[in-house]
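All remarks here apply to the structure that follows.
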Ligand code: BG6
Ligand code: MG
């Protein structure tokens, strides 16, 4: 059966997870509380709105709708400022090698990201043309761990869900891939991503042979 490969963006293709963290930390500090890297794990793969809800829970703060909207805008403005000068040097190691291999073998490739900033980021780093399909935060109603983003990507690729392979750095993303019946590959700390079918610290540990195996099976 035809296989499809779905990549998360932040923390898988580009090292933007740190900029999301910095922008949330800045807001938390302005609101008078700390926001740690450990707490930031909960934000990976999660929509901007849900992140702010969690942040306010951490800070034990209540917000009016107006404040909530203002803080969402502020966080995104700070994030966009952090990524403004981003270029291909922020692509995570060996990601282009894998994309190049898939493209060269006519394997369909999709992006499955919670971010509403996905397209401009892919453009900035020069990877947009690799993706046959982009499903991002502008296209889905339900955030990861709901499988909607990956199921939509599979549908648009014309590939059965159980023939899709998902690369993810977030617990919520691994759970989304698993509930979509896809093969989940965790990129990052295996202790955190222990629900994934396969784990790698980063793409430098993934061989073309491994990818060929996924395509054949
Ligand atoms: C995900 C990130 O890819 O996108 C989350 O892992 C982020 O941390 C989410 O909150 C939404 O991103 P954006 O760019 O729409 O604020
Ligand atoms: Mg991610």
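In the working numbering, the protein residues as written are 7 to 223.
The C-beta atom is built at its ideal place from N, Cα and C for all residues, glycine as well.
Given the structure is predicted, the values throughout are model-derived calculations rather than measurements.
query, result
"Uninterrupted alpha helix (DSSP H) stretches inside the segment 66–109 (no shorter than 4 residues)", "71–89"
"Outcome for residue 129 when other beta-carbon atoms lying within 10 angstroms are tallied against a minimum of 16", "exposed"
"Below 7 Å from a heavy atom of the ligand BG6 - residues by beta-carbon", "14, 15, 16, 17, 23, 26, 49, 50, 51, 52, 53, 54, 57, 82, 85, 119, 120, 121, 122, 123, 143 and 176"
"Beta-carbon separation (whole angstroms), residue 138 vs residue 116, contact threshold 8 Å", "6 Å"
"CB of residue 175 within 7 Å of CB of residue 98, strictly", "no"
"Own chain partners of residue 214 with C-beta closer than 6 Å, once the 5 adjacent residues on each side are dropped", "107"
"Opposing strand residues paired with residue 10 [DSSP bridges]", "170"
"Stretch-stretch touch, CB-based, cutoff 8 Å, three pairs: the segment 44–53 with the segment 71–90", "no"
"CA nearest to the CA of residue 114, picked from 158, 183 and 163", "163"
"Distance CB(residue 103)-CB(residue 29) smaller than 7 Å", "no"
"Residue 31 vs residue 39 beta-carbon contact at 7 Å", "no"
"For residue 13 and residue 224, the rounded distance between their alpha carbons", "Not covered by the structure: residue 224. The range shown for the chain is 7 to 223."
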